[in-house]
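In the working numbering, the protein residues as written are 1 to 262. Every residue, glycine too, gets a C-beta built ideally from N, C-alpha and C. Below: one structure, written as structure tokens.
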Amino acid sequence: MTNLFDLTNKIALVTGGTHGLGMAMAEGLASAGAELVISSTTPEKLESALNHYRSKGYKAAGYLFDITDEKLASGQVEDMEKEVGPIDILVNNAGIIKRELAVDMAIADFRRVIDVDLVGSFIMSQLVGSRMIARGGGKIINICSMMSELGRNSVSAYAAAKGGLKMLTRNLATEWAKYNIQVNGIGPGYFATSQTEPIRVDGHPFNDFIINRTPAGRWGDPSDLAGTAIFLASEASNFVNGQIIYVDGGILATIGKPANEK
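Shown next as structure tokens:
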């Protein structure tokens, strides 16, 4: 049974795998035996992440580029496959968010979020997916969001992008399943990261909201994503296609508790 989840001799490209949830998923894949390739737009972050992975004994290579630059991304993917090897697993994790009320958001900001979170994932899927088609198989994991299903104040561009990414996942699965390529998504809930640390304190309204809104009664730990990433990257998911697995402690399963319920 453990062989179903073994990623030995597999090469996994994780875009934006330099920190946070991307790093947690990359570490999970590496712990199952995968060799990592990570990308970033920031040299310092890339170097720091590579040192982190290598300090744990994981094989990791890094490439510096913007996933929305089709020409540059194409050259980098070509270099990866020449220098590291064929990419077996693609995790489209790189993304940005712009918090702004829809009525006030600059169109340029809206377009940038769509470009990175949706178009960039398409570009990388096309570049890597075409090679997977030629080789007869592969795994693509798109990092979606609860905003693929729900709206929230001030994240219209992000929600539009993540909703689009959900449907892109399903459409790529429809087109590429016949080539033995499984395209699925992970939708993280609210996780304990460095970004959320300032608000994860007792008495903070948003912290209390998340604890009360989540049936599990806690924030997610980044390591909670590792198992799902390994599953979708491994032979265990060979007949799973076009699905979004929400790792959210049960938020999407419930309407939530009334204010007077303990």
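Taking the beta carbon of Ser40 as the centre, do at least 16 other beta carbons fall within 10 Å, making it buried, or is it exposed?
buried
Taking DSSP as the reference, what is the three-state secondary structure of Glu197?
helix
Where does Met167 land, buried or exposed, given buried means 16+ other C-beta within 10 angstroms?
exposed
Buried or exposed by the 16-neighbour rule on C-beta atoms within 10 Å, applied to Gly120:
buried
Please tell me whether Lys59 has its Cβ less than 8 Å away from any Cβ of chain C.
Given the protein chain composition of this structure (a single chain), no chain C is represented.
Is the CB-CB distance between Gly227 and Leu172 below 8 Å?
no
Looking at Ala32 and Phe5, is the spacing between their C-beta atoms short of 8 Å?
yes
From the DSSP output, in three-state form, read off Ala233 for me.
helix
With the cut-off set at 8 Å, would you say Ile255 and Gly189 are in Cβ contact?
no
Hey, out of Leu72, Leu101, Ile89, Ile143, whose CA is closest to Asn180's CA?
Ile89
Name the DSSP bridge partner or partners of Ile11?
Glu35
Tyr53 lies in the beta strand (DSSP E); which residues open and close that run?
Element bounds for Tyr53: not the beta strand (DSSP E) but the alpha helix (DSSP H), 43-55.
Taking the continuous alpha helix (DSSP H) assigned at Ala160, which residues delimit it?
156-176
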